[in-house]
Amino acid sequence: MEGRAEAVGGMYVKIDMPLEGVINFYQALERFERYCKLCRTAENVEQKIIYSANARDDIDAAYQEYLQNVALILAVKSGARPIPMFKEVSTEELKRCFEEQLAALNENAALEYLEALNTIRRCCPENCERHEDAAMEKLKELANKIKESVETLYVKEGLEMTKKQLKEMVEDPEKFRAVFVLPPKPLVEEYRL
């Protein structure tokens, strides 16, 4: 799993970006699909070579990210809520997060998506006429689902962080005065007619 863990007071762990690998996975699939379409519609051989090389790099990147982050990818797909970035969590919350990943790690589903990735990797770029649309549709569905989950998670976490900060601002506005740099008060004389 991507991200950095730090001990904080012996009881807490700070996770910077636990979903980095998940994000890289669906972004690599999105780029692959874009280059694949460009490759199929390329007007000359040079363009086709460039687009097919980029497509191959991206499907390989997606494959690598999948292998490294399969537990987290399947957990996000199943609706689990991994630990968000920049949040200090207790050991119990961390344990719950790992338990959700373990519960979501379905062997059949994991192998199904891996097989879809392998099918596309075998076909791209030389045999794209034999490219199976079913494999790409399966991966697109997975990518869309986890992208939606990730975006929703970060929006929710952003709102929670903003609420928390605003509560602190209400309690002690002076502490946050430096955050809002106000212009100097105008001289009364400047506004006299």
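The opening position of the sequence shown corresponds to residue 78 in the working numbering, with each subsequent residue numbered one higher.
Note that CB positions come from ideal geometry on N, CA and C, so glycine has one too.
Put simply, the backbone Cα of Y103 is about 39 Å away from that of A255.
Only buried fits V147, as 16 or more other CB atoms lie within 10 angstroms of its CB. The residue among Y140, E107 and E218 with its C-alpha nearest the C-alpha of K154 is E218. Closest in alpha carbon position to S226, among L194, A152, N195 and A186, is A152.
Here A105 is near A139, since their CB atoms are less than 8 Å apart. R199 sits in a helix when the DSSP states are folded into three classes.
The residue among A186, Q178, E142 and T196 with its C-alpha nearest the C-alpha of V99 is E142. With 16 or more other Cβ atoms inside 10 Å of its own Cβ, A181 counts as buried. Where E225 is concerned, the enclosing alpha helix (DSSP H) starts and stops at D210 to E248. When DSSP states are grouped into helix, strand and coil, E107 belongs to the helix group.
By the Cβ criterion, the stretch 187–202 is in contact with the stretch 116–136, since at least three pairs of Cβ atoms, one from each stretch, lie closer than 8 Å.
Taking the CA atoms as reference points, Q124 sits about 7 Å from C116.
Ranked by Cα distance from E110, the first of N131, V122, L179 and Y190 is N131. Residue S129 holds the alpha-carbon nearest to the alpha-carbon of R108 among V122, V166, S129 and E228.
Secondary structure of L151 (DSSP, three-state): helix.
The residues L151, in chain order, have a CB closer than 7 Å to that of N183 in the same chain once the five nearest residues on each side in sequence are set aside.
When secondary structure is reduced to three states using DSSP, F175 falls in the helix class.
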